[in-house]
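Asks: Please see the structure below; I have some questions.
In the working numbering, the protein residues as written are 1 to 237.
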């Protein structure tokens with residue numbers, strides 16, 4: 001738990017709090033968690049509470065009412081743990097996929113790994129684009145709302161919560177894919193943050209941090225793509 005929280009806090013700091021794992025009560029209240037439709041007073045009181053982390057003892061302290069939502073980093077962390085185990089035991093050719101968070105290293109019997117990224121508007125799960133690992137390690141994480149959303153009172157509601165407005169995100173982003181050459185959990189968390197941010201915010205932050213990201217979004221009714229400079233400079237497509 002300590003290691004996961006540390007990764008989450010680092011990404012939270014770099015995104016000025018847009019990535020926030022303490023939104024669990026808000027996620028629950030929108031119907032995406034185990035406890036549906038909690039009392040609003042409880043939701044906002046629990047969300048406002050803080051937690052502390054003790055680096056010396058590698059421990060975490062929090063109010064009992066603080067609800068963590070680690071779904072945007074836990075799968076990536078699990079993929080990293082399996083990857084580390086395989087490498088430590090001299091297994092250098094593998095592809096790991098847990099819920100769409102992927103680590104690829106080495107090659108398959110047919111050559112480098114080719115990973116298809118789903119078209120967010122396709123009901124048949126068609127591929128929008130592909131990435132390859134070029135025989136070295138690559139972490140791939142994709143965040144979008146096309147597989148996890150619902151309608152409340154006739155309004156489409158995303159599972160992605162923007163902590164700045166304490167409700168479902170409101171932007172024109174359909175899908176975000178982040179590549180990382182050392183950490184799937186980091187890619188997982190940043191993909192979530194970029195999915196919540198406006199496109200302009202994502203462009204600015206990804207360029208300033210040198211993050212490899214590709215964003216599918218809608219503009220004037222048309223599907224468009226943004227690729228960060230770091231993405232464009234890598235031979236992964």
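We put the beta carbon where it would ideally sit given N, CA and C, even for glycine.
#1: Could you have a look at residue 17 and say whether DSSP puts it in helix, strand or coil?
#2: Classify residue 11 as helix, strand or coil using the three-state DSSP reduction.
#3: Tell whether a beta-carbon distance below 8 Å holds between residue 63 and residue 4.
#4: Using beta-carbon positions only, say whether residue 175 and residue 144 come within less than 8 Å of one another.
#5: What residues in its chain sit with their C-beta under 6 Å from that of residue 87, if we drop five residues either side in the sequence?
#6: Which class does residue 40 belong to by DSSP, given the choice of helix, strand or coil?
#7: Short of 7 Å in beta carbon distance, which residues of its chain neighbour residue 112, apart from the five on each side in sequence? Order them along the chain.
#8: Determine the direct distance from the alpha carbon of residue 74 to that of residue 54, and round the result to whole angstroms.
#9: Starting from residue 105, follow its DSSP beta bridges and name the residues at the other end.
#10: Looking at residue 92: is its Cβ nearer than 8 Å to the Cβ of residue 105?
#11: Please classify residue 1 as buried or exposed, where buried requires at least 16 other C-beta atoms within 10 Å of its C-beta.
#12: Among the residues of its own chain, which have a CB less than 6 Å from the CB of residue 218, if the five just before and after it don't count?
#13: Can you tell me the Cα-Cα spacing of residue 223 and residue 129, whole angstroms?
#14: Taking C-alpha atoms, which residue in 65, 138 and 178 lies nearest to residue 72?
#15: In its own chain, which residues sit with a C-beta less than 8 Å from the C-beta of residue 160, not counting the 5 before and 5 after it?
#16: Buried or exposed for residue 209, please, with buried defined as at least 16 other CB atoms from any protein chain shown within 10 angstroms of its CB.
#17: What first and last residue would you give for the alpha helix (DSSP H) that runs through residue 184?
#18: Can you tell me which of the three DSSP states residue 179 falls into?
#19: So what does DSSP say about residue 54, is it helix, strand or coil?
#20: Can you list, in chain order, the residues of its chain whose CB lies under 8 Å from that of residue 137, leaving out five sequence neighbours each side?
#21: Which same chain residues end up closer than 6 Å to residue 126 when comparing Cβ atoms and leaving out the 5 residues on each side of it in sequence?
Replies: Inspection of the coordinates gives the following:
#1: Here the question's residue 17 lines up with position 17 in the chain shown. In this structure, DSSP gives residue 17 a state outside helix and strand, which the three-state scheme calls coil.
#2: The residue labelled residue 11 in the question sits at position 11 within the chain shown. Three-state result, residue 11: helix.
#3: Sequence index remark: in the chain shown, residue 63 carries index 63 (1-based). Sequence index remark: in the chain shown, residue 4 carries index 4 (1-based). Between residue 63 and residue 4, the C-beta gap is not smaller than 8 Å, which leaves the two residues out of contact.
#4: The sequence position of residue 175 within the chain shown is 175, counting from 1. The sequence position of residue 144 within the chain shown is 144, counting from 1. Cβ atoms of residue 175 and residue 144: closer than 8 Å.
#5: On the chain shown, residue 87 is found 87 positions in, with the first residue counted as 1. Here the set comprises nothing.
#6: Taking the first residue of the chain shown as position 1, residue 40 is located at position 40. Here residue 40 scores only 48 on pLDDT, less than 50, and its place in the model should not be relied on; the value that follows carries that caveat. If DSSP states are grouped into helix, strand and coil, residue 40 belongs with the helices.
#7: For the purposes of this step, residue 112 is taken as residue 112 along the chain shown, with counting starting at 1. Correct list, in chain order: 132, 133, 134 and 135.
#8: Against the chain shown, residue 54 aligns to sequence position 54. Against the chain shown, residue 74 aligns to sequence position 74. Straight-line Cα distance between these residues: approximately 20 Å.
#9: Taking the chain shown and counting its residues from 1, the one referred to as residue 105 is at position 105. Paired residue(s): 94.
#10: Residue mapping note: residue 92 aligns to position 92 of the chain shown, counting from 1. Residue mapping note: residue 105 aligns to position 105 of the chain shown, counting from 1. In this structure, residue 92 places its C-beta atom within 8 Å of the C-beta atom of residue 105.
#11: The residue you call residue 1 lines up with position 1 of the chain shown. Counting Cβ neighbours within 10 Å, residue 1 comes out exposed, since fewer than 16 surround it.
#12: Position 218 of the chain shown, counted from the first residue, corresponds to residue 218. For residue 218, same chain residues with a beta-carbon under 6 Å away, outside a window of 5 residues either side, are 172 in chain order.
#13: Residue mapping note: residue 223 aligns to position 223 of the chain shown, counting from 1. Residue mapping note: residue 129 aligns to position 129 of the chain shown, counting from 1. Residue 223 and residue 129: Cα-Cα distance of roughly 13 Å.
#14: Here the question's residue 72 lines up with position 72 in the chain shown. Residue 178 holds the alpha-carbon nearest to the alpha-carbon of residue 72 among 65, 138 and 178.
#15: The sequence position of residue 160 within the chain shown is 160, counting from 1. The beta carbon of residue 160 is closer than 8 Å to those of 143, 145, 168, 169, 192, 195 and 196 in its chain, skipping five residues each way along the sequence.
#16: In the chain shown, residue 209 corresponds to position 209, counting from 1. Answer is exposed; the Cβ neighbour count stays below 16.
#17: The residue labelled residue 184 in the question sits at position 184 within the chain shown. For residue 184, the uninterrupted alpha helix (DSSP H) run begins and ends at 184 to 196, by DSSP.
#18: In the chain shown, counting from the first residue as 1, residue 179 sits at position 179. Strand, per DSSP.
#19: Residue 54 sits at position 54 when you count from the first residue of the chain shown. DSSP places residue 54 in strand when its eight states are reduced to three.
#20: Counting from 1 along the chain shown, the entry for residue 137 is found at position 137. Excluding its 5 nearest sequence neighbours in each direction, residue 137 has C-beta neighbours in its own chain below 8 Å: 83, 103, 104, 105, 181 and 182, listed in chain order.
#21: By 1-based counting over the chain shown, the position of residue 126 is 126. Here residue 126 has 119 as same chain residues with Cβ atoms under 6 Å from its own Cβ, once five neighbours each way along the sequence are excluded.
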